[in-house]
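Single-structure report; data block below.
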Amino acid sequence: MQPIPLLLGTLVTVAFASSDWNSNFDERLVTHARNDAGYAQQPDDVTVLVPRPGAGRFVGFLTGVSQFLNEMTGDPAKNVSAFLGIPYAAKPTGKLRFRLPRPAYLDSRGRWLARRYGNACLQGSYRFRMEALNLSLDQFSEDCLYLNLFVPENASEASQAKLHVPVLLNIHGGTLLVGGPHGYPGQVLASKGIVMATLSYRLNIFGLISTGTYSAPGNLALWDQRAALMWIRDNVEFFGGDPGRVTLSGESAGGSSVGLHIVSNGRFLNGGRPLFHQAVLMSGADIANWAVSRPVIGDHEGSIDYIAGFVGCSRSSLAATMSCLASVSAYEIDKWSLKRREDTTEPEWLWAPVVDGVLIGDIPLVLRKNGDFMKLPIMGGCTRDDTVRSDLIEEESVRSILFDELTKRGTKMIPGIEAIVEEAIKVYLQGKRSASSRAEMVQLMKNVTRDYEMIQPVYQALRFHANRQDSRQPVFLYEFGYEKRFQWPPEVRHGDDLDYILGVPFVSSDWWQRISGEADLDKFNKFNTTEQRRLSDFMTTLWTNFVKFGNPTPTPVRGFKWDRLTPRSNSESPVPCAMLNLPELTSVTPDYKRKEMQLWKRFYDLELQYVLQLSSGESSGATSAVLLAIGSAAALLARLLA
């Protein structure tokens, strides 16, 4: 992979370096026309004035939380101000498609109605559009760069009083291909004294296409996220938030995005002042084998050529093709990008972040080993049975791809892998040579993918922070272990912690009806027991404590005190982990998964050594070294099935 040209890198750096993002653009053309025509004031209106060019008055609304939270905590009922669908960047349409985000510039002669969510970005899955997000087709659009704020109390009063509470910006998951903020209510966390923010960012081909040129520089999903952070830096104080106390969190691909921002060159922009100051990695980290794309940039050009052929664009040159694609219907591009994923043998690598030499300067694990990352308070963890493959693990096609294809490459290309596979068999089969039943094989596969793909990356990233930084910067590790009642099989799956962290058991049915446009009580009914509310109150307290104090338990919470990681002198030192559950079942295990984590650290180190050998003769640290995920996990799994 060739790094992005120096001129482009310079333009990117200049565009995102200023303390006032808007000052980088002379045009200051209105990007969003006023949307308040015919609007009559409502009793629940909350208006905030942002006295900046291209901003103006934002009209949100007062909302609250379920009375169950007030009854459980004994606190009086609290209002929360919600501002939904605030533009944080220009519409990425037309000539701005596939380009770096530019600032939103609103028509300040009117008001911006922030009373409903903005569009969800175009998705990399037709099924996810309708089933998971529960949105109608007209709520998906290329025009989707909007964020949402949930502010404690009445925001207009908070703004006037200069409340300046800490801010939590959460990046949704979904493999950077699907998802949106619509299922991430923020009012419960906000009611505990923080500003909660969520956002949409470009997904699939629109957020991840990379040619290494100005027309498609790559990593646009990450640049969008950074643009949202810049908007918060410039504007959140007018909503009662403190731009100097921002925590960036994310789950799954959102977690890997947070990790990539921690290691990115973006921390050198903004005059060296960070856009966020704490971080939370939930079931995802930058050093995961799926966090950064394996192919070189040239492979994206093949996909571009494929799509161009179906939409009638010239393929005479890359520049001509990209110019044409900027004028084609976004829905046509989306349709054929999905078809391209169906036709490729490695769809997970088709659209993903790349080492571009600009935002991501090198392989994340190399950056981590060199101590080249932000030093900040951080916490992270996974669920007990965390794996994105839980529902697919028994599919024959997945088995074929993982074992037959990747195993052949992995076992032959990485020296020393066989010895580690033998050790892995001992760890996971506890001395047996093979699994005794199909059910045992399936469970072993889940355990391996859980530890290799999910737990090890978060665990190792936190270890880097604990070992390389000032011990005054706290680091906390967790495993979430609460099983939903009447769920079969009885697992704690990928993402099962998220609803409790967001406070979903305390979100009223009126809220779900408001955002879906119909009486959809499915979410409300799934989290409607006293036990679930006790757990959610516990989890939201831990999370908001971290946002406010950099410590989830500055004082014990329900009798629980969370031990932080400390610098380790050697690999034998114990690593404490909070085993999160109902308050009375939560404890700290003093030495979490030592054997498994040592094993997978060796795998990651072997892969990295091999990748660096491959790239040692090339011109840049940002070369095809991103082959990091060659498939050592699959090699082990194949042996387990033998």
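Letter by letter, the sequence shown follows residues -17 to -1, 1 to 625 in mature numbering (1 follows the signal peptide of the UniProt record, and there is no 0). For glycine and all other residues, C-beta sits at the position ideal for the given N, C-alpha and C.
Taking a 10 Å sphere around the C-beta of Trp471, we find fewer than 16 other C-beta atoms and assign the residue as exposed. Beta-bridge pairing by DSSP links Arg94 to Arg40.
Contact check between the stretch 92 to 111 and the stretch 218 to 226: fewer than three CB pairs, one atom from each, fall below 8 angstroms, which does not count as touching. At a Cβ-Cβ threshold of 8 angstroms, Gly233 and Ile154 count as neighbours. Contact between the stretch 132 to 151 and the stretch 434 to 448 is absent: fewer than 3 CB-CB pairs across the two stretches fall below 8 angstroms. Secondary structure of Gly237 (DSSP, three-state): helix. By the neighbour-count criterion, in which a residue is buried when 16 or more other Cβ atoms sit within 10 angstroms of its Cβ, Gly295 is exposed. When beta bridges are read from the DSSP output, Asp28 appears opposite Phe44. Following the DSSP letters along the chain, one finds Gln261 inside the beta strand (DSSP E) bounded by residues 261 to 265. Residues Asp520 of the same chain have their beta carbon placed closer than 8 angstroms to that of Thr56, with the five preceding and five following residues left out of the count. Here DSSP, grouped into helix, strand and coil, assigns Ala60 to coil.
If you compare the alpha carbons of Leu52, Val48, Gln50, Ile69 with that of Thr30, the shortest gap goes to Ile69. In the DSSP secondary-structure assignment, Met362 is bridged to Val263, Phe459. Annotation for Asn153: no alpha helix (DSSP H) segment contains it, though the beta strand (DSSP E) segment containing it runs 148 to 154. In this structure, the straight-line span from the alpha carbon of Arg516 to that of Val341 is close to 45 angstroms. Secondary structure of Asp588 (DSSP, three-state): helix. When DSSP assignments are scanned along the stretch 460 to 540, the uninterrupted stretches of alpha helix (DSSP H) that are 4 or more residues long and fall wholly within it turn out to be 481 to 485, 492 to 499, 505 to 509, 513 to 532.
Taking the Cα positions, Asp28 is about 24 angstroms away from Cys127. Counting only the Cα atoms, Gly107 lies some 14 angstroms from Leu120. Residues of the same chain with a CB within less than 7 angstroms of the CB of Thr370, apart from the 5 flanking positions on each side, are Lys429, Thr432, Arg433, Glu436, Met437, His477 in chain order. Between Phe81 and Ala103, the gap from beta carbon to beta carbon reaches 8 angstroms or more. For the set Leu159, Val178, Gly166, Gly157, the Cα lying nearest the Cα of Val148 is the one of Val178. Cβ neighbours of Gly344 within its own chain (closer than 6 angstroms, five residues either side excluded): Asn248.
Taking Leu563 as the centre and dropping the five residues before and after it, the same chain places the C-beta of Tyr461, Phe463, Thr569 closer than 6 angstroms to its C-beta, in chain order.
One thing to note: Tyr71 has its Cβ within 8 angstroms of the Cβ of Trp214. For the pair Gly157 and Asp326, the Cα-to-Cα distance works out to about 21 angstroms.
Checking the DSSP bridge columns, you'll see Phe133 partnered with Ala65, Met179.
The criterion of a C-beta distance shorter than 8 angstroms is not satisfied by Ser266 and Thr181. When beta bridges are read from the DSSP output, Val571 appears opposite Ala561. Taking 8 angstroms as the upper bound for CB-CB distance, Leu203 and Gly190 are in contact here, some 5 angstroms apart. With respect to Trp526, Phe459 sits apart: the two C-beta atoms are not nearer than 8 angstroms. Sequence-distant Cβ neighbours of Gly354 in its own chain, meaning closer than 7 angstroms and more than five residues away, are Arg451.
Non-local beta-carbon contacts of Tyr167 in its own chain, meaning distances under 7 angstroms to residues more than five positions away in sequence, involve Asn153, His155, Thr181, Leu485 in chain order. The alpha-carbon separation between Val425 and Ser419 amounts to approximately 11 angstroms. Under DSSP, Phe543 takes part in a beta bridge, and its partners are Val540.
For Trp206, the enclosing alpha helix (DSSP H) begins and ends at 203 to 218.
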